[in-house]
Amino acid sequence: MASEGSDDQVPAAAARASLASANRIVIKIGTATIMKKGEAGGTARPGSAGGVDVEYLHHMASEVAALTRSGKQVIIVTSGAIGMGARELGIPKKVRELRMRQACAAIGQIALMDEYRRAFGVFGLLPAQLLVTRDAWDNRSAYLNLRASVETLLEAGAVPVFNENDVVSTAEIGNAFGDNDQLSAYVASKADAELLVILSDIDALYDADPRSNPGARPIPYVSELSPAIIAAAGGAGSEFSTGGMATKLKAVEIAGDAGCKVVIADGRLPGVVSRILAGEPIGTLFDAPLGLRNRQRWIKNSSPLGSLIIDGGALEAIRAKNSLLPRGIKAVEGSFERGDIVLLKLEGSGEAVAKIVSTLSSSELARVAGLRSDEVGEALGSGAAKVVARPEETVFLGE
Ligand code: GLU
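Each residue of the sequence shown is one higher than the one before, counting from 0 in numbering that gives the first Met the number 0.
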């Protein structure tokens, strides 16, 4: 965590400056940002003023046009379908019932895209609609198709505009993202975006709940999403300000795993995305300083083929960014080859603490578990690795 005068000022400034070089940017526009004030839940009657804030969308389109002119690729994740549908149906209050929300989404998505088409068309931009559910990420062939479509759209100069396919996605059947914060992080992660900008009516992460603490201060820079930061946000399960910080921090975690930086900012600030790219200290910047992002992500997301039971000393050593050595291994479970992903479990509690790429196979490890490094060569021959996993190939779980 960083605040003014802290040691993090130098990395904070460097991270802000690095945003200018982001080539692929995902912009997430929340309901409260895109709808006219008071319209997010569909408070107006059909035909009355309200719905999408056309002027705002026009400004956003002009920003996106400027970004694409300067060679950047922009992907949008938008909310607003349910709010627009409620408005079209003349529902005067927030829609809570699931089947009604789905009906509203079906009606409102067309109206929403209509506004995008109009606003973006003014600047010669072609928005493309992508409605997705979680399955598109869990199912490899669906995921590859989606990824190819996004690449093709970007190559063709179009602007992919994502929303959740609310009509078919429900938490009950487990295929829902649930909110567009997390959807935007998945999009940013899989599209290898360097920056995700979450625009909402929450202007930053605060060091305390700003609703109950008038002295709460915004945190301009977060180097790493630590448990302390989550606690500062009021705990992972809480919500404050006018939206949910918990879902935004979850999004930060998902994007961060992919090496994608995230900025949470007030969506209504004029020129907000360009100003963020210019290095202005707007909102909260969550850094993602992972060097080996694809490999680390692959390690974290892969199913392990076996487990190594390690002792407390080995855990301490690898947490201090040392290699895992045969000496700290107490037992080997499962059958795996050199280069496979293996889970590390702590002796005694059995708690899964990390995943590694194992340099040795399960049968080799069974022979050298507990041995000193100089004994490993004798047991396996001089060609075998003396370390089981290097720090850059060790990914801790639950962090
Ligand atoms: N998919 C929803 C909609 O378009 C929004 C979900 C969210 O805002 O998180 O209305």
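The beta carbon of each residue, even a glycine, is placed where N, CA and C say it ideally should be.
Remember, predicted model here, so these are calculated numbers, not experimental data.
Between the beta-carbon of residue i and the beta-carbon of residue j, is there less than 8 angstroms?
i      : j      : result
Val356 : Ile298 : yes
Ala324 : Ser372 : A quick correction: the sequence has Leu, not Ala, at residue 324. Contact flag set, yes.
Phe161 : Val121 : no
Ser306 : Glu336 : no
Cys399 : Ser188 : Because the chain here runs from 0 to 398, residue 399 falls outside it and cannot be looked at.
Ser183 : Ile197 : yes
Met83  : Leu111 : yes
Ala327 : Asp310 : The residue you asked about is not Ala; residue 327 is Gly in the sequence shown. Against a cut-off of 8 angstroms, the Cβ pair of Asp310 and Gly327 comes out as a contact.
Ala250 : Val261 : yes
Leu224 : Leu248 : yes
Ser273 : Ala65  : yes
Glu54  : Gly270 : no
Ile275 : Leu18  : yes
Val221 : Asp286 : yes
Ala118 : Leu195 : no
Ala383 : Leu370 : no
Val186 : Val76  : yes
Ser199 : Thr32  : yes
Thr246 : Ile263 : no
Leu396 : Ala365 : no
Can you give me the Cβ contacts of residue i inside the same chain, cut-off strictly under 6 angstroms, excluding the 5 residues immediately before and after it?
i      : result
Leu125 : Ala157
Ser78  : Gly29, Thr30 and Asn179
Ile308 : Lys329, Ala330, Lys344 and Glu346
Arg216 : Asp206
Glu163 : Phe176 and Leu182
Gly41  : Confidence is the limiting factor: at Gly41 the pLDDT is only 39, short of 50, which leaves the residue's position unreliable, though a coordinate-based value still follows. So the qualifying residues of the chain are Gly82, Ala85, Arg86 and Ile90.
Asp165 : Gln101 and Ala104
Lys320 : Pro390
Leu153 : Gln72
Val375 : Pro325, Val367 and Lys385
Leu268 : none
Glu332 : Gly305 and Ser306
Leu145 : Ala135
Note the first and the last residue of the continuous alpha helix (DSSP H) segment covering residue i.
i      : result
Ile263 : Ile263 -> not in any alpha helix (DSSP H); beta strand (DSSP E) instead, spanning Lys260 to Asp265.
Pro280 : From DSSP, Pro280 is part of no alpha helix (DSSP H); its letter is neither H nor E.
Gly376 : Ser372 to Leu379
Ser188 : Asn179 to Lys189
Arg119 : Residue identity differs from the one stated: residue 119 is Phe in this sequence, not Arg. Per DSSP, Phe119 belongs to the alpha helix (DSSP H) from Leu97 to Gly120.
Ile275 : Val271 to Leu276
Gly84  : Ala80 to Leu88
Ser334 : Segment: none, Ser334 is in no alpha helix (DSSP H) and carries neither H nor E.
Leu345 : Premise fails: Leu345 lies in the beta strand (DSSP E), Ile340 to Leu345, not in any alpha helix (DSSP H).
Thr393 : Note, Thr393: premise wrong, no alpha helix (DSSP H); beta strand (DSSP E) at Thr393 to Phe395.
Glu54  : Val53 to Arg68
Ala14  : Gln8 to Ser17
In the DSSP assignment, find the beta strand (DSSP E) that holds residue i and state where it starts and stops.
i      : result
Leu364 : Looking at the DSSP string, Leu364 is not in any beta strand (DSSP E); the run it does join, the alpha helix (DSSP H), is Ser361 to Val367.
Gly305 : Gly305 to Ile309
Thr77  : Gln72 to Thr77
Leu248 : Counting along the chain, Leu248 falls outside any beta strand (DSSP E), though it belongs to the alpha helix (DSSP H) covering Met244 to Asp256.
Arg23  : Arg23 to Ile28
Phe161 : Val158 to Glu163
Lys354 : Ala351 to Val356
Leu130 : Pro126 to Val131
Val196 : Leu194 to Ser199
Below 8 angstroms CB to CB, which residues in the same chain sit around residue i once its five sequence neighbours on both sides are set aside?
i      : result
Thr67  : Val73, Leu124, Gly156 and Val158
Val394 : Gln295, Ile298, Lys299, Ala353, Lys354 and Ile355
Tyr142 : Ala135, Trp136 and Lys189
Ser301 : Ile340 and Lys354
Arg116 : Pro126
Gly380 : none
Give me, in chain order, the residues of the same chain whose beta-carbon lies closer than 7 angstroms to that of residue i; leave out the 5 immediate sequence neighbours on both sides.
i      : result
Pro280 : Arg15 and Pro219
Val386 : Ser322, Leu323, Leu324 and Thr358
Ser334 : Gly305 and Ser361
Leu342 : Pro303, Ser306, Ala351 and Lys354
Glu392 : Ile298, Ile355 and Val356
Using a Cβ cut-off of 8 angstroms (strictly closer), state whether residue i contacts chain D.
i     : result
Lys71 : Within the model displayed, chain D is absent; a lone protein chain is all it includes.
- Query: Contact between the region 6–26 and the region 66–73: three or more CB pairs below 8 angstroms?
  - Reply: yes
- Task: Evaluate the contact criterion for the region 306–314 versus the region 342–361: three or more CB pairs, one atom per stretch, below 8 angstroms.
- Result: yes
- Message: Does the contact criterion of 3 or more C-beta pairs under 8 angstroms hold for the region 206–219 versus the region 104–117?
- Response: no
- Message: Quick check: the region 86–103 against the region 139–150, are at least 3 beta-carbon pairs closer than 8 angstroms?
- Response: no
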